[in-house]
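Reviewing the structure listed below.
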Amino acid sequence: NPGGNSLPSGSSNSGSGNNLPSSKKSDKKQLRGVNRSGAEYSCVKNLGIFEGPMDDNAIKVMKKWNINAVRVPLNEDCWLGINGHTASFIGSNYQNAVINYVKLLRQNDMTVILDLHWTDGIYGGPGQGDCYDKAAKCQKPMPDKENALKFWKSVASQFKNDEGIIFDLFNEPFPDMVVSDKSAAWKCWRDGGSACPGFQFEVAGMSDLLNAVRSTGANNLVMVGGLTWANDLSRWQEFVPSDPAKNIAASWHSYNFNACNNKNCWDSQIAPIAAKYPVIVGEIGEHGCTHSYIDGLMDWLDSKGISYLGWTWNTWDCSSGPSLISDYSGTPTQFGKGLYERLCASDGQAQQPATALNSGGSISTGGNLNPGGNSLPSGSSNSGSGNNLPSSKKSDKKQLRGVNRS
Numbered sequence: 001n002p003g004g005n006s007l008p009s010g011s012s013n014s015g016s017g018n019n020l021p022s023s024k025k026s027d028k029k030q031l032r033g034v035n036r037s038g039a040e041y042s043c044v045k046n047l048g049i050f051e052g053p054m055d056d057n058a059i060k061v062m063k064k065w066n067i068n069a070v071r072v073p074l075n076e077d078c079w080l081g082i083n084g085h086t087a088s089f090i091g092s093n094y095q096n097a098v099i100n101y102v103k104l105l106r107q108n109d110m111t112v113i114l115d116l117h118w119t120d121g122i123y124g125g126p127g128q129g130d131c132y133d134k135a136a137k138c139q140k141p142m143p144d145k146e147n148a149l150k151f152w153k154s155v156a157s158q159f160k161n162d163e164g165i166i167f168d169l170f171n172e173p174f175p176d177m178v179v180s181d182k183s184a185a186w187k188c189w190r191d192g193g194s195a196c197p198g199f200q201f202e203v204a205g206m207s208d209l210l211n212a213v214r215s216t217g218a219n220n221l222v223m224v225g226g227l228t229w230a231n232d233l234s235r236w237q238e239f240v241p242s243d244p245a246k247n248i249a250a251s252w253h254s255y256n257f258n259a260c261n262n263k264n265c266w267d268s269q270i271a272p273i274a275a276k277y278p279v280i281v282g283e284i285g286e287h288g289c290t291h292s293y294i295d296g297l298m299d300w301l302d303s304k305g306i307s308y309l310g311w312t313w314n315t316w317d318c319s320s321g322p323s324l325i326s327d328y329s330g331t332p333t334q335f336g337k338g339l340y341e342r343l344c345a346s347d348g349q350a351q352q353p354a355t356a357l358n359s360g361g362s363i364s365t366g367g368n369l370n371p372g373g374n375s376l377p378s379g380s381s382n383s384g385s386g387n388n389l390p391s392s393k394k395s396d397k398k399q400l401r402g403v404n405r406s
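For what it's worth, UniProt numbering labels the leading residue of the sequence shown as 1, then goes sequentially.
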């Protein structure tokens with residue numbers, strides 16, 4: 001994948017562009033997976049730690065979809081055990097549950113993306129919903145300096161020895177809802193602190209979070225999203241933090257209701273970044289239980305080998321938001337059929353999601369589907385150039401297509 005956007009399964013990227021080497025020679029991988037929602041909110045809503053089954057059988061169901069990456073949104077309070085939430089759902093109990101789930105995913109040859117999703121800090125402006133609370137009970141426009149740095153130092157220390165784990169520094173920044181001038185908002189995004197006027201808490205910039213990770217000795221690939229809920233990457237290359245490990249990727253979220261929701265924007269804003277850095281689309285989705293938007297988006301992403309993950313592998317009503325499955329046997333919703341059919345097509349056949357859950361073994365993604373594309377590694381440190389990220393097996397090139405698991 002010369003010049004492509006392949007992501008490694010375990011290498012640190014010290015090269016230029018999208019060529020990211022992995023721990024195994026010639027193993028380049030495009031991540032195509034899912035988000036697994038639950039751990040970002042259940043613990044602060046007194047519901048538990050996760051939502052739905054998180055055992056090995058549940059992961060085997062994901063593999064029936066040919067998913068090779070799972071993004072796991074996390075909660076700052078619950079990981080750190082702070083702010084008085086139910087004791088059985090936070091601190092060491094929460095950490096051990098996350099660690100065990102990550103181990104299961106890695107044992108099933110899944111790349112794991114750990115995402116800092118909900119954080120502390122009082123915010124009462126646009127995009128905050130009904131959550132005017134200092135605790136991590138909703139999505140904030142930027143992370144707080146008081147606890148987000150502690151979170152990443154702890155998480156990075158725990159997982160730094162496995163480069164098949166990627167760190168998504170902050171889910172969806174939207175400092176431009178507080179700092180109206182776009183140039184100033186980008187500066188706030190990168191630098192935090194005094195560059196963020198109008199906030200009621202001290203803000204950690206993306207540079208602060210990156211430095212917290214690297215201070216632990218972790219060289220894992222790090223994802224950094226842009227403005228406007230990670231949909232605006234227009235000045236990402238201008239403001240991207242300097243990474244001493246040179247192992248940084250652009251995180252992008254794309255929904256039909258976002259501003260950058262058409263090929264002209266993708267060609268002008270996303271493609272130039274993908275020519276120099278790995279790009280991972282951490283969330284794709286659309287409203288209305290349809291998949292016409294993500295079909296066109298996946299066509300474009302696959303043509304460039306860019307990695308993407310569907311929101312979300314949870315059994316919610318897809319009419320109220322993007323939900324991929326109607327049950328944990330893996331039956332796709334009308335929206336989920338778009339991703340399911342796309343991922344299974346890489347095997348040349350669709351598999352019945354609810355059968356053969358105990359068959360074991362990994363499902364081949366069919367190699368590198370996009371020569372010259374944007375493949376992501378499953379666990380290697382990237383020392384190459386561009387978006388070619390090698391994986392852990394020789395000649396094993398993989399595009400990650402999956403879901404987030406909240």
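Ideal Cβ placement from N, Cα and C applies to all residues, glycine included.
Using only CA atoms, which one of the options lies nearest to residue i?
{"i": "C188", "options": "P143, D168 and S319", "result": "P143"}
{"i": "F167", "options": "A185, G193, L114 and S215", "result": "L114"}
{"i": "M206", "options": "M177, E172, S329 and G305", "result": "E172"}
{"i": "residue 407", "options": "Y277, N68 and N96", "result": "Within the shown structure, residues of the chain are numbered from 1 to 406, placing residue 407 beyond reach of any answer."}
{"i": "G125", "options": "G305, V178, Q95 and P272", "result": "V178"}
{"i": "residue 409", "options": "L227, E146 and S88", "result": "Nothing in the structure corresponds to residue 409, since the chain is present only between 1 and 406."}
{"i": "K29", "options": "C43, D109 and T333", "result": "D109"}
{"i": "I82", "options": "V44, V70 and N68", "result": "V44"}
{"i": "K63", "options": "S254, W118 and V34", "result": "V34"}
{"i": "Q139", "options": "S157, Q95, E76 and N93", "result": "E76"}
{"i": "H291", "options": "G338, V155, V203 and L74", "result": "G338"}
{"i": "Y94", "options": "G38, T111 and V70", "result": "G38"}
{"i": "G296", "options": "S326, N262, H287 and E163", "result": "N262"}
{"i": "F89", "options": "V203, I49, Y101 and V112", "result": "I49"}
{"i": "A259", "options": "G288, A135 and W229", "result": "W229"}
Per DSSP, what are the beta-bridge partners of residue i in this structure?
{"i": "V224", "result": "A250"}
{"i": "L74", "result": "L116"}
{"i": "S292", "result": "In the DSSP output, where bridge partners are listed per residue, S292 has none listed."}
{"i": "T111", "result": "A69"}
{"i": "I166", "result": "I113"}
{"i": "R235", "result": "Partner(s): none; R235 has no beta bridge."}
{"i": "G38", "result": "Paired residue(s): none; G38 is not in a bridge."}
{"i": "residue 410", "result": "Nothing can be reported for residue 410: it is not among the residues displayed for the chain, which extend from 1 to 406."}
{"i": "I49", "result": "BP columns for I49 are empty, so no partner."}
Would residue i be called buried (16 or more neighbouring beta carbons within 10 Å of its own) or exposed?
{"i": "P197", "result": "exposed"}
{"i": "N46", "result": "exposed"}
{"i": "N57", "result": "exposed"}
{"i": "N264", "result": "exposed"}
{"i": "D120", "result": "buried"}
{"i": "D302", "result": "buried"}
{"i": "G225", "result": "buried"}
{"i": "F199", "result": "buried"}
{"i": "I99", "result": "exposed"}
{"i": "Q107", "result": "exposed"}
{"i": "D176", "result": "buried"}
{"i": "D208", "result": "buried"}
{"i": "P332", "result": "buried"}
{"i": "K137", "result": "buried"}
{"i": "residue 420", "result": "Because the chain is modelled from 1 through 406, residue 420 falls outside the range shown and cannot be assessed."}
{"i": "G336", "result": "buried"}
Skipping 5 residues on each side, what residues in its chain have a beta carbon closer than 8 Å to that of residue i?
{"i": "D317", "result": "S323"}
{"i": "Y132", "result": "I122, Y123 and G124"}
{"i": "Y328", "result": "G52, P53, A58, V61 and T315"}
Within 8 Å (strictly less), CB to CB, does residue i reach chain D?
{"i": "D77", "result": "In the structure shown, chain D cannot be found, because there is only a single protein chain."}
Can you find the residues in the same chain that come closer than 6 Å, C-beta to C-beta, to residue i, ignoring five residues on each side of it along the sequence?
{"i": "E238", "result": "none"}
{"i": "S234", "result": "Q269"}
{"i": "W311", "result": "N35, E283, G285, P322 and N404"}
{"i": "F170", "result": "L116 and P143"}
For residue i, collect the residues of the same chain with a Cβ closer than 7 Å to its Cβ; drop the 5 residues on either side in sequence, then sort them by chain order.
{"i": "K160", "result": "T216, G217, A218 and N220"}
If you reduce the DSSP assignment to three classes, tell me which class residue i lands in.
{"i": "I273", "result": "helix"}
{"i": "N68", "result": "coil"}
{"i": "K134", "result": "coil"}
{"i": "Y308", "result": "strand"}
{"i": "G151", "result": "The question names Gly, yet the displayed sequence has Phe at residue 151. Correct three-state label for F151: helix."}
{"i": "G192", "result": "strand"}
{"i": "L301", "result": "helix"}
{"i": "I59", "result": "helix"}
{"i": "S207", "result": "helix"}
{"i": "A156", "result": "helix"}
{"i": "S88", "result": "helix"}
{"i": "H258", "result": "It should be noted that the sequence gives Asn, not His, for residue 258. DSSP places N258 in coil when its eight states are reduced to three."}
{"i": "Q30", "result": "strand"}
{"i": "I99", "result": "helix"}
{"i": "D144", "result": "strand"}
{"i": "Y332", "result": "With the sequence shown as reference, residue 332 is identified as Pro, and Tyr is not the correct amino acid for it. Looking at P332 - three-state DSSP - the assignment turns out to be strand."}
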